[in-house]
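Participant: Just so we're aligned, residue 76 is where the sequence shown starts under our numbering, counting upward by one.
Cβ atoms here follow ideal geometry from the backbone N, Cα and C, with glycine treated the same way.
Values in this document were obtained by computation on a predicted structure and should not be read as measured data.
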Amino acid sequence: MSGNNGTPRKPRALAAGSRLGVFAPASPAESVEMIAGLAELKRHGFQVVANQDTKAEGYFAGPPLERANSFLGTLNSDSVDGLVALRGGYGSNYLLEFELEKSIANLKSVIGFSDLTTLQIFLWQRCNWITFYGPMVAAGLNAGSGARKGYDESSLLQAVGRTEGGWKLRLRGEAVLAGQSIGTVLGGCLTLLEATIGTPWELDTKDSILALEDRAMRPYQVDRVLMHLKQAGKLEGVRGFVLGDFPESEPAVAGAPTVKEVCARILRPLGVPIVFGAPIGHTVRPMLTIPLGTKARLDADGEGTLEFLESAVVP
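1) Would you mind listing the beta strand (DSSP E) stretches within the region 130-179 that are 3+ residues and don't spill past its ends, in chain order?
2) Can we count arginine 343 as close to the ligand ZN, meaning its CB is less than 7 Å from some heavy atom?
3) So, phenylalanine 383 versus proline 366, is the Cβ gap smaller than 8 Å?
4) Would you kindly report the start and end of the unbroken alpha helix (DSSP H) that includes leucine 268?
5) Please return the same chain residues whose Cβ sits closer than 7 Å to the Cβ of glycine 78, not counting the five positions on each side in sequence.
6) Can you tell me whether glycine 133 is buried or exposed, with buried defined as 16 or more other CB within 10 angstroms of its CB?
7) Kindly list the residues whose CB is nearer than 8 Å to the CB of lysine 183, restricted to its own chain and excluding five residues on each side of it in sequence; keep chain order.
8) Determine the DSSP secondary structure at threonine 333, reduced to helix, strand or coil.
9) Which of helix, strand or coil does DSSP assign to glycine 258?
10) Classify threonine 82 as buried or exposed, calling it buried when 16 or more other Cβ atoms lie within 10 Å of its own Cβ.
11) Please identify the residue among Val251, Val185, Leu345 and Lys243 whose C-alpha is closest to the C-alpha of glycine 308.
12) Starting from aspartate 289, follow the alpha helix (DSSP H) in both directions and report where the run begins and ends.
13) Specify the secondary structure class of methionine 76 as computed by DSSP and reduced to three states.
14) Note down, in chain order, each residue of its chain lying with its Cβ closer than 6 Å to the Cβ of serine 23, except the 5 sequence neighbours on either side.
15) Does the Cβ of leucine 381 have 16 or more other Cβ atoms within 10 Å, making it buried, or fewer, making it exposed?
16) Do the region 205-222 and the region 177-196 meet, that is, are 3 or more Cβ pairs less than 8 Å apart?
17) One question on the structure: do phenylalanine 146 and glycine 166 come within less than 8 Å of each other, judged by their Cβ atoms?
18) Please list, in chain order, all residues of the same chain as proline 326 whose beta carbon is under 8 Å from its beta carbon, the five residues on each side excluded.
19) Rounded to whole angstroms, what's the CA-CA distance from methionine 76 to valine 328? Just pull it up for me.
20) Sorted by chain position, which residues of the same chain lie with C-beta nearer than 6 Å to tyrosine 169's C-beta, five sequence neighbours on each side aside?
21) Quick one: measure Cβ to Cβ for valine 317 and isoleucine 341, integer angstroms, because I've assumed they're closer than 8 Å.
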């Protein structure tokens with residue numbers, strides 16, 4: 076499955092009884108966290124297929140080829156309806172060395188965030204594949220629905236299961252620049268998106284509503300990445316921004332600009348709607364799930380809303 080013809084490819088919907096394959100494209104996880112996350116998936120009625128084909132190597136869940144084969148094997152398996160990542164960390168970029176698109180036979184839901192940004196951007200740019208920026212087995216699901224460092228149950232189940240019409244997501248942030256706009260929701264982890272610049276799968280951000288989030292970045296580091304995106308032309312034609320709450324990113328010096336102030340200074344001159352502080356990706360609040368590749372209307376008023384104008388999945 077290769078090529079980008081401009082028409083988003085939607086995976087089949089997931090619901091109770093669907094079989095979810097767990098894959099580890101990046102780093103390994105503690106067994107107690109994995110067990111808790113798998114139990115949460117089962118609570119929703121999902122059947123879980125946990126792949127144990129790889130053996131951890133330091134900060135990797137396994138050698139690159141093994142991780143790539145595990146992903147492809149899970150993806151192409153007839154006994155799996157959708158995929159959810161074990162966790163992020165680091166290492167998804169290694170999978171892209173193996174020309175994955177030539178071996179992909181089935182289009183399925185892929186759920187994850189953080190380091191999964193690399194894989195999600197690749198699947199969008201090469202295959203026009205809608206994926207889901209949301210909780211992983213050992214990062215979100217393990218903590219539980221509505222819990223601190225957990226996930227938002229409603230947005231996850233709507234994103235992967237709603238097949239008719241659109242739906243509205245309350246962003247729970249605050250408007251930095253008010254307004255409305257329509258675009259294709261893209262993005263992910265800020266530093267991972269930046270890392271695609273110069274690669275064959277560099278993200279095309281034109282006409283997008285760009286979701287950007289990260290953690291443990293000093294304001295000057297966020298400033299540097301945003302300026303790189305600006306100078307690389309990645310902010311041209313963007314229709315709006317949904318920004319995370321950037322935990323663990325306080326200024327190193329009292330009185331220095333905050334991440335929110337940095338984002339406002341660089342992004343406000345673009346004149347498009349901006350919402351800051353949405354609990355997406357890295358957050359201590361229940362994580363929202365956002366379908367990447369779907370068309371939506373951003374309303375930057377009050378806490379902000381994203382109204383998805385189409386379903387992200389098909390029956």
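Facilitator: According to the structure shown:
1) Taken in chain order, the complete beta strand (DSSP E) segments of 3 residues or longer contained in the region 130-179 are 157-160.
2) As for the ligand ZN, it is missing from this structure, which has no ligand bound.
3) Residue 383 sits at position 308 when you count from the first residue of the sequence shown. Residue 366 sits at position 291 when you count from the first residue of the sequence shown. Yes, they are a contact pair.
4) Reading the sequence shown from its first residue, position 193 is the one you call residue 268. 265-269 is the extent of the alpha helix (DSSP H) around leucine 268.
5) Locating residue 78 in the sequence shown gives position 3, where the first residue counts as 1. In this prediction, glycine 78 scores a pLDDT of 44, lower than 50, which makes its location untrustworthy; the coordinate-derived value is nonetheless stated afterwards. The beta carbon of glycine 78 lies closer than 7 Å to none in the same chain, with the five residues before and after it left out.
6) Sequence index remark: in the sequence shown, residue 133 carries index 58 (1-based). Around the beta-carbon of glycine 133, fewer than 16 other beta-carbon atoms lie within 10 Å, marking it exposed.
7) Translated into positions along the sequence shown, residue 183 becomes position 108. Counting only Cβ-Cβ distances below 8 Å, and skipping sequence neighbours, we find Pro86, Arg87, Leu150, Val155, Asp156, Gly157 and Leu158.
8) Locating residue 333 in the sequence shown gives position 258, counting from the first residue. Taken through DSSP and simplified to helix, strand or coil, threonine 333 comes out as coil.
9) Counting from 1 along the sequence shown, the entry for residue 258 is found at position 183. Glycine 258 sits in a strand when the DSSP states are folded into three classes.
10) If you number the sequence shown from 1, residue 82 lands on position 7. When all chains shown are included, threonine 82 counts as exposed.
11) For this step, residue 308 is matched to residue 233 along the sequence shown. Nearest of Val251, Val185, Leu345 and Lys243 to glycine 308, Cα basis: Leu345.
12) In the sequence shown, residue 289 corresponds to position 214, counting from 1. Here aspartate 289 belongs to no alpha helix (DSSP H), and DSSP marks it neither H nor E.
13) As a first step, residue 76 must be located in the sequence shown, where it is residue number 1. Its pLDDT being 44, under 50, methionine 76 is placed unreliably by the model, and nothing is read from it.
14) Any property of residue 23 remains undetermined from this structure, which presents the chain solely from 76 to 390.
15) Here residue 381 refers to the residue found at position 306 when the sequence shown is read from its first residue. It is buried - the Cβ of leucine 381 has at least 16 other Cβ atoms within 10 Å.
16) Yes, the region 205-222 touches the region 177-196.
17) In the sequence shown, residue 146 corresponds to position 71, counting from 1. In the sequence shown, residue 166 corresponds to position 91, counting from 1. Contact: no.
18) Within the sequence shown, residue 326 is the residue found at index 251, counting from 1. So the list reads Arg293, Pro294, Pro332 and Thr333, once near-sequence residues are dropped.
19) Taking the first residue of the sequence shown as 1, we reach residue 76 at position 1. Taking the first residue of the sequence shown as 1, we reach residue 328 at position 253. Because methionine 76 carries a pLDDT of 44, less than 50, the predicted location of this residue cannot be relied on, and no value is offered for it.
20) Residue numbering aside, residue 169 sits at position 94 when the sequence shown is read from its first letter. Closer than 6 Å at Cβ, skipping near neighbours: Pro139.
21) Counting from one through the sequence shown, the residue named residue 317 turns up at place 242. Counting from one through the sequence shown, the residue named residue 341 turns up at place 266. Valine 317 to isoleucine 341, Cβ: 15 Å. No contact.
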